Amino acid sequence: MKWLQAIKDYQFYLKIERGLSKNTIDSYTRDLEKLILFLEKNQIKSSPISIDKDIIQRFIYQIAKEVNPRSQARIISGLRSFFDYLVFEEYRKTNPTDLIETPKIGIKLPDTLSEQEINELISAIDLSHPQGERNRTILEVMYSCGLRVSELITLKISDLFFEEGFIRVLGKGDKERFVPIHNQAQKYILTYINQIRCFVKPKKEFEDTLFLNRRGKGLTRQMIFTILKNLAMDIDLKKKISPHTLRHSFATHLLKNGADLRAIQQMLGHESITTTEVYVHLDKSYLREVVETYHPRK
Numbered sequence: 012m013k014w015l016q017a018i019k020d021y022q023f024y025l026k027i028e029r030g031l032s033k034n035t036i037d038s039y040t041r042d043l044e045k046l047i048l049f050l051e052k053n054q055i056k057s058s059p060i061s062i063d064k065d066i067i068q069r070f071i072y073q074i075a076k077e078v079n080p081r082s083q084a085r086i087i088s089g090l091r092s093f094f095d096y097l098v099f100e101e102y103r104k105t106n107p108t109d110l111i112e113t114p115k116i117g118i119k120l121p122d123t124l125s126e127q128e129i130n131e132l133i134s135a136i137d138l139s140h141p142q143g144e145r146n147r148t149i150l151e152v153m154y155s156c157g158l159r160v161s162e163l164i165t166l167k168i169s170d171l172f173f174e175e176g177f178i179r180v181l182g183k184g185d186k187e188r189f190v191p192i193h194n195q196a197q198k199y200i201l202t203y204i205n206q207i208r209c210f211v212k213p214k215k216e217f218e219d220t221l222f223l224n225r226r227g228k229g230l231t232r233q234m235i236f237t238i239l240k241n242l243a244m245d246i247d248l249k250k251k252i253s254p255h256t257l258r259h260s261f262a263t264h265l266l267k268n269g270a271d272l273r274a275i276q277q278m279l280g281h282e283s284i285t286t287t288e289v290y291v292h293l294d295k296s297y298l299r300e301v302v303e304t305y306h307p308r309k
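The sequence shown stops at residue 309 when you use the working numbering, and every number in between is there.
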């Protein structure tokens, strides 16, 4: 079995059997491409079937010089998943990554913005600019609904259920969830649709896409990053932010204001409550308040 065919079969497995998103599959693929590049540079002739632990270990040593421990751990995890698949399909008897240690990494607390900083970002948008109304709506929706950037740019007009007060979101692995949307975000969306989007002619396949560029196509992830980066510069924000910062801020502000962790988990679309629990670490005072409020001997 050759590498290209093995990767192609693996991608199909990740998509059909595990239901992973394109972005996740692309990430797994990039890790394997790094391994293949390492083999080529070092003139190592090993197939997915014959490659052994020693070669994988040499690759990991090389990668450790180029990336941080967190990225190194992710690459090892990606390789382990690939070889688990080969074992599952009985192409191999053992997984060469089984005895390779993953570097220990601490909990990386997500960056967040204060409510005032969120307001300053949104207020900095130039509404006289043709795309100003759209950009304000984008930030409001990302923050008020806690959306991933991939969920935002694929949001459809048919996903809006304003009478019920929800939007339908297609998350990781094409998992559907319904997220509450408050009146302010609804108002911005309707203004954008009725006053801005109506003058843009959507290209084929983008007729139902909510957020469009001037040429009638959907926005890219990079465009959202650029919008935020420019706004951060406008208000002289010293923090390094990304679209995910708004999602982290959404969860953190809900938690600080007394929202239930399980409810936040559902709104964020986290499969495991453990993922959501990272937000508890952002504000230790929350834990103290829980004990003081609910403990029988308070």
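Note that CB positions come from ideal geometry on N, CA and C, so glycine has one too. No experiment lies behind these values; they were computed from the predicted model shown.
Cα-Cα separation between residue i and residue j, rounded to whole angstroms
i: residue 162; j: residue 222; result: 11 Å
i: residue 51; j: residue 257; result: 41 Å
i: residue 12; j: residue 102; result: 9 Å
i: residue 129; j: residue 262; result: 13 Å
i: residue 288; j: residue 127; result: 24 Å
i: residue 206; j: residue 248; result: 30 Å
i: residue 56; j: residue 66; result: 10 Å
i: residue 252; j: residue 215; result: 33 Å
i: residue 264; j: residue 105; result: 46 Å
i: residue 93; j: residue 268; result: 42 Å
i: residue 186; j: residue 33; result: 13 Å
i: residue 18; j: residue 30; result: 16 Å
i: residue 86; j: residue 110; result: 15 Å
i: residue 321; j: residue 281; result: The chain is shown from 12 up to 309; residue 321 falls before or after that span and cannot be answered.
i: residue 40; j: residue 202; result: 41 Å
i: residue 230; j: residue 144; result: 15 Å
i: residue 173; j: residue 200; result: 10 Å
i: residue 58; j: residue 28; result: 24 Å
i: residue 182; j: residue 20; result: 24 Å
i: residue 77; j: residue 175; result: 50 Å
i: residue 260; j: residue 234; result: 20 Å
i: residue 266; j: residue 204; result: 32 Å
i: residue 184; j: residue 100; result: 22 Å
i: residue 146; j: residue 122; result: 21 Å
i: residue 64; j: residue 70; result: 10 Å
i: residue 54; j: residue 38; result: 25 Å
i: residue 209; j: residue 198; result: 16 Å
i: residue 250; j: residue 16; result: 43 Å
Same chain, Cβ closer than 7 Å to residue i, five either side skipped, listed in chain order
i: residue 62; result: 107
i: residue 276; result: 284 and 287
i: residue 47; result: 14
i: residue 24; result: 96
i: residue 26; result: 36
i: residue 75; result: 83
i: residue 236; result: 253 and 254
i: residue 73; result: 49
i: residue 219; result: 167, 168 and 169
i: residue 60; result: 12, 102 and 103
Those residues which DSSP pairs with residue i across a bridge
i: residue 188; result: 180
i: residue 167; result: 220
i: residue 172; result: 177
i: residue 157; result: The partner list for residue 157 (beta bridge, DSSP) is empty, contrary to what the question assumes.
Nonlocal neighbours in the same chain, by C-beta distance under 6 Å from residue i, ignoring five residues either side
i: residue 22; result: 36
i: residue 178; result: 170, 171, 190 and 192
i: residue 166; result: 221
i: residue 196; result: 151, 152 and 155
i: residue 278; result: 157 and 190
i: residue 225; result: none
i: residue 180; result: 162, 188 and 190
Any non-hydrogen atom of the ligand HEM closer than 7 Å to residue i Cβ
i: residue 170; result: Ligands displayed in this structure: none; no statement on the ligand HEM is therefore possible.
Cβ neighbours of residue i in the same chain (closer than 8 Å, five flanking residues each side left out)
i: residue 90; result: 42, 43, 46, 67 and 108
i: residue 132; result: 124, 150, 239, 242, 243, 246 and 248
i: residue 7; result: Nothing in the structure corresponds to residue 7, since the chain is present only between 12 and 309.
i: residue 88; result: 113
i: residue 232; result: 160, 161, 164 and 254
i: residue 98; result: 104, 105 and 106
Contiguous beta strand (DSSP E) assignments of at least 3 residues, all confined to the segment 27-77: none
Inter-stretch contact (C-beta, 8 Å, three-pair minimum) for the segment 182-197 and the segment 150-159: yes
Cβ contact (3+ pairs, closer than 8 Å) linking the segment 139-149 and the segment 265-272: no
Contained alpha helix (DSSP H) runs [length at least 4] in the segment 223-276, N- to C-terminal order: 232-245 and 254-267
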